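A.B. asks:
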Amino acid sequence: MSSSNNSTLSSKSDYEIVVSKIIVDDTSQLEKLIKTKNKDDQRSLLEQRDIYGRCLLTIACMSDKPKSAVFFYKNGLRLQNEDKHKRNVLYWTIVSDSRICLKWILSLNPDISYLLKRDSLGVTAFHVAASKQSPKCLIMLLAELTKRNNCGLNDLTDNKKRTPLHYSAAAGSLECVEELLDQSFKIPLDAKDSNLNTPLMCAISNINALQVIKCLANKKSISVSARNKSGASALHIAVLANNLDAVDFLLTKEERLVESFDNEERTPLHYACAAGRYEIALLLIKFKARISVWDCFGATPAHYAAQISYPILEKLLKPATQSAIKDHDDRTPLMWATIAGKVSIVRNYLATFRNVEKEVDKQKYTALHFAVLSGSIEICKLLLNHSFDINAENINGTTPMHLAAGRNIKILEIFSFYFEENNDLFRNKRDKFGRSPLFYAALGGQSEALTFLMENNNQNILEKDHFSKTILHCAVFAKSKDCVIVALNNGIDVNEKDLNGETPLHVAVGLPGNADIVSLLLENRAEPNATTKDQYTPLHIAAKEGQEDVVQILLKFGANKALTTKKGFTPLHLATKYGNAAVARLLFEKKTPVDIC
Numbered sequence: 006m007s008s009s010n011n012s013t014l015s016s017k018s019d020y021e022i023v024v025s026k027i028i029v030d031d032t033s034q035l036e037k038l039i040k041t042k043n044k045d046d047q048r049s050l051l052e053q054r055d056i057y058g059r060c061l062l063t064i065a066c067m068s069d070k071p072k073s074a075v076f077f078y079k080n081g082l083r084l085q086n087e088d089k090h091k092r093n094v095l096y097w098t099i100v101s102d103s104r105i106c107l108k109w110i111l112s113l114n115p116d117i118s119y120l121l122k123r124d125s126l127g128v129t130a131f132h133v134a135a136s137k138q139s140p141k142c143l144i145m146l147l148a149e150l151t152k153r154n155n156c157g158l159n160d161l162t163d164n165k166k167r168t169p170l171h172y173s174a175a176a177g178s179l180e181c182v183e184e185l186l187d188q189s190f191k192i193p194l195d196a197k198d199s200n201l202n203t204p205l206m207c208a209i210s211n212i213n214a215l216q217v218i219k220c221l222a223n224k225k226s227i228s229v230s231a232r233n234k235s236g237a238s239a240l241h242i243a244v245l246a247n248n249l250d251a252v253d254f255l256l257t258k259e260e261r262l263v264e265s266f267d268n269e270e271r272t273p274l275h276y277a278c279a280a281g282r283y284e285i286a287l288l289l290i291k292f293k294a295r296i297s298v299w300d301c302f303g304a305t306p307a308h309y310a311a312q313i314s315y316p317i318l319e320k321l322l323k324p325a326t327q328s329a330i331k332d333h334d335d336r337t338p339l340m341w342a343t344i345a346g347k348v349s350i351v352r353n354y355l356a357t358f359r360n361v362e363k364e365v366d367k368q369k370y371t372a373l374h375f376a377v378l379s380g381s382i383e384i385c386k387l388l389l390n391h392s393f394d395i396n397a398e399n400i401n402g403t404t405p406m407h408l409a410a411g412r413n414i415k416i417l418e419i420f421s422f423y424f425e426e427n428n429d430l431f432r433n434k435r436d437k438f439g440r441s442p443l444f445y446a447a448l449g450g451q452s453e454a455l456t457f458l459m460e461n462n463n464q465n466i467l468e469k470d471h472f473s474k475t476i477l478h479c480a481v482f483a484k485s486k487d488c489v490i491v492a493l494n495n496g497i498d499v500n501e502k503d504l505n506g507e508t509p510l511h512v513a514v515g516l517p518g519n520a521d522i523v524s525l526l527l528e529n530r531a532e533p534n535a536t537t538k539d540q541y542t543p544l545h546i547a548a549k550e551g552q553e554d555v556v557q558i559l560l561k562f563g564a565n566k567a568l569t570t571k572k573g574f575t576p577l578h579l580a581t582k583y584g585n586a587a588v589a590r591l592l593f594e595k596k597t598p599v600d601i602c
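Residue numbers for the sequence shown follow this note's numbering, so the first one is 6 and each next one is one higher.
1. Report the partner residues of K469 according to the DSSP bridge assignment.
2. Can you tell me the Cα-Cα spacing of K437 and P405, whole angstroms?
3. Going by other Cβ atoms of all chains shown within 10 Å of its Cβ, with 16 needed for buried, is Q34 buried or exposed?
4. Spatial neighbours of I27 within its chain, please: CB distance less than 8 Å, with the 5 preceding and 5 following residues excluded, ordered by chain position.
5. To the nearest angstrom, how far is the alpha carbon of D198 from that of L113?
6. Suppose you measure from the CA of R123 to the CA of A135; what does that come to, to the nearest Å?
7. Let me know the secondary structure DSSP gives E87 once reduced to three states.
8. Name the DSSP beta bridge partners of N93, please?
9. Span of the alpha helix (DSSP H) holding V555?
10. According to the Cβ coordinates, are I350 and A356 closer than 8 Å?
11. Can you look up T32 in the DSSP assignment and give me helix, strand or coil?
12. Exposed or buried, what is H4 when buried is set at 16 or more other beta-carbons lying within 10 Å of its beta-carbon?
13. Could you spell out the range, first to last residue, of the alpha helix (DSSP H) harbouring K5?
14. Return helix, strand or coil for S16, following the three-state DSSP convention.
15. Judging by CA-CA distance, which residue of I522, P543, G518 is the nearest neighbour of K502?
16. Only counting the same chain, and skipping five residues up and downstream in sequence, which positions put a Cβ closer than 7 Å to that of I416?
17. Quick check: what's the CA-CA separation for L256 versus I285?
18. Using beta-carbon positions only, say whether Y445 and G411 come within less than 8 Å of one another.
19. Who are the near neighbours of P306 in its chain, counting only those whose CB is closer than 6 Å to its CB and skipping five residues on each side?
20. Taking 7 Å as the limit between beta carbons, can you name the residues of its chain near D250, skipping five residues before and five after?
21. Between the beta-carbon of L287 and the beta-carbon of D253, is there less than 8 Å?
22. Compute the distance between the beta-carbons of K367 and D334, then report whether it is under 8 Å.
23. What ranges does the alpha helix (DSSP H) occupy inside the region 240 to 309, keeping only unbroken runs of at least 4 residues that lie completely in it?
24. Suppose you measure from the CA of E180 to the CA of S139; what does that come to, to the nearest Å?
25. With respect to the alpha helix (DSSP H) encompassing S173, which residues constitute its N-terminal and C-terminal limits?
26. Just verifying my parser: in three-state terms, what is the DSSP assignment at P533?
27. Leaving out the 5 sequence neighbours to the left and right, which residues in its chain are closer than 6 Å to S12 when beta-carbon positions are compared?
28. Under a Cβ-count criterion, where at least 16 other Cβ atoms within 10 Å of its own Cβ denotes burial, should S8 be classed as buried or exposed?
29. Which whole-angstrom value describes the C-beta separation of L126 and N93, a residue pair presumed to lie in contact below a C-beta threshold of 8 Å?
30. For V499, which of helix, strand or coil comes out of DSSP?
31. May I have the straight-line CA-CA distance separating G518 from A483, to the nearest angstrom?
32. When the Cα atoms are used, what is the spatial distance from Y423 to V365?
33. Would R83 be called buried (16 or more neighbouring beta carbons within 10 Å of its own) or exposed?
34. Among N413, A454, R435, which has the Cα closest to the Cα of H471?
35. Name the residue from L143, K137, I290 whose alpha carbon lies nearest to the alpha carbon of L121.
36. Express the C-alpha separation of P533 and G563 in angstroms, rounding to a whole number.
In structure tokens, the structure reads:
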């Protein structure tokens, strides 16, 4: 064991020495070191690789040391040796721009399959050479192809179907692009990769590739209007890349591109606004980009700007026309900024535009409704100071006060402070279902809000909505144990029925994960055998819904297993009918009658 470890350490040390001799080009010492070994040790040393799986011949070529490369070649290492990613010696020679060793490799007259060998990603030496700023390696490779009648280059693509021209364009290598565009190589200028991106699109993603962009666009004008897989044009991509020079060039060359649409019907101006590209947005507007066009989501460029950049939004909107810019739900840019929680944009918008407090969407929501829904305290304050109505109703009669009660105690406290003198106005405010803010607090599981409304606004916790549901019904439906406790502690009848005859216990037993609340209600004298209009008891509902733990609790508190619904079903019948085997088994074991009809 010890001998083996010492051998490994020695071998590694020898390998490191060999690599150091390659780097300093000390071939004589390199040869001497290896020749002092016996044949087995020589072979073992020569076959060692680095952590990437590259052999010593590859390292010699990467270092551009032809003498070392020749030595390893003569001692059995082959150009075909590959690393872990199937990259051969030629590949790494090109990566390292080792032109002397490249010339040596080509002098060995490797066959065409070697020159065109793909790695695990489908990338060849030609792709790598094409991505270099200097074209010298590429020229040498292309010369080899010329000797072989240019075979293989026109359909040479990686795993994403990208040609060497895609690579040179993406790298912004003008000289390499020009070499590849030599007509004798027949590389298609508008070749598309697996995402349908052309070489021009690749170049546009590089902000330093303007000359390449001009070269490709001028070679074939139609390429500027091509679309990729997402429907984006070269102009869309230029906007995303924040390539102002490319945007200017493309618009000057093909002005109609300003009205191009991707698969989601977004224009370049949509892209500019969504990405906060101020200078590009101005340029697009200069070329008459329309600000009111909808994408497939019904949003205009202004709506996207409202979430990102007020300077862009200000350039898009004019005080006389801002109210006309709405999405397909009639929501304004202010509403979008509010939903996104953009305090500074909302502040600037309010300072610039008038009568915004009167704007509503199709559901009659105001920006204040959305401020509550987004939970932004600062925006709520801004809107209140701008005369937004706390009692503005949507189509269901829901006000911002209702929403605050159901979502955010801090905003509710602010509303109460702002309208302390008008508490009566919103204390009795009900939506079209007859629900006051108390109901919303219970439905939202906001026990603090529930307590706050009772203590500060004298709201009546015993009130019912139009369906005769109590606050307790709503608290149970929200599965809020804290709200249930508040309701029970404030005198709500635990057995109060709604219009369908359901008590809070009926509601509780039908909801999964509600066993604690079921127990709490029963401990507070909820009637386990109360019936609805259809004669359903809580046990019927729990059995139907497969709530085994709840069934056990109900039985513990004296639920009657033999009661039937209007249609004659027992809890056991319902458990069986709806495939709740565990509940059916439990009821059967509890001696539930099976012959009742």
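All C-beta atoms in this analysis are idealised placements derived from N, C-alpha and C, irrespective of residue type, glycine included.
Computed from a predicted model, the values in this text were never measured in an experiment.
C.D. replies: In brief:
1. T475.
2. Going from the Cα of K437 to the Cα of P405 covers about 14 Å.
3. With fewer than 16 Cβ atoms within 10 Å of its Cβ, Q34 is classed as exposed.
4. Spatial neighbours of I27 in its own chain (CB-CB distance under 8 Å, excluding positions within 5 residues in sequence) are listed in chain order as L35, L61, I64, A65, S68, K70, S73.
5. Approximately 33 Å, taken between the alpha carbons.
6. If you draw a straight line from the Cα of R123 to the Cα of A135, it is about 15 Å long.
7. DSSP, read as helix, strand or coil, puts E87 in strand.
8. Its beta-bridge partners are E87.
9. Segment 553 to 561, the alpha helix (DSSP H) holding V555.
10. Their beta carbons are not under 8 Å apart, which means I350 does not touch A356 by this criterion.
11. In this structure, T32 counts as helix in the three-state DSSP scheme.
12. Outside the modelled stretch of the chain, which goes from 6 to 602, sits residue 4, for which no answer is possible.
13. Residue 5 lies beyond the range of the chain shown here (6 to 602); nothing can be said about it.
14. Here the model assigns S16 a pLDDT of 48, short of 50, so the residue's position is not dependable, and the following value carries that caveat. Reduced to three states, the DSSP call for S16 is helix.
15. Answer by Cα proximity: P543.
16. Closer than 7 Å at the Cβ level, and outside the excluded window around I416, lie V377, I382, C385, A409.
17. Their Cα atoms are separated by approximately 11 Å.
18. Yes, they are a contact pair.
19. Excluding positions up to five away in sequence, the list reads L274, H275, C278, I296.
20. Closer than 7 Å at Cβ, skipping near neighbours: L215.
21. No.
22. Cβ atoms of K367 and D334: closer than 8 Å.
23. List check, alpha helix (DSSP H) in window: 249 to 258, 273 to 280, 283 to 291.
24. Their backbone Cα atoms lie some 7 Å apart in a straight line.
25. Counting along the chain, the unbroken alpha helix (DSSP H) around S173 starts and ends at 169 to 176.
26. In this structure, P533 counts as coil in the three-state DSSP scheme.
27. Residue placement at S12 cannot be trusted, given a pLDDT of 38 that sits under 50; what the coordinates show is reported in the next sentence. Cβ within range, chain order: n/a, list empty.
28. Note that S8 has pLDDT 39, beneath the 50 cutoff, so the model's placement of it is unreliable and the number below is only indicative. With a 10 Å radius around the Cβ and a threshold of 16 neighbouring Cβ atoms, S8 comes out exposed.
29. At roughly 14 Å, the Cβ-Cβ gap does not stay under 8 Å, so L126 and N93 are not in contact.
30. Residue state, collapsed to three classes: coil.
31. Cα to Cα, G518 sits roughly 12 Å from A483.
32. In this structure, the straight-line span from the alpha carbon of Y423 to that of V365 is close to 22 Å.
33. Per the 10 Å Cβ criterion, exposed.
34. With distances taken between Cα atoms, H471 lies closest to R435.
35. Closest in alpha carbon position to L121, among L143, K137, I290, is L143.
36. Cα to Cα, G563 sits roughly 7 Å from P533.
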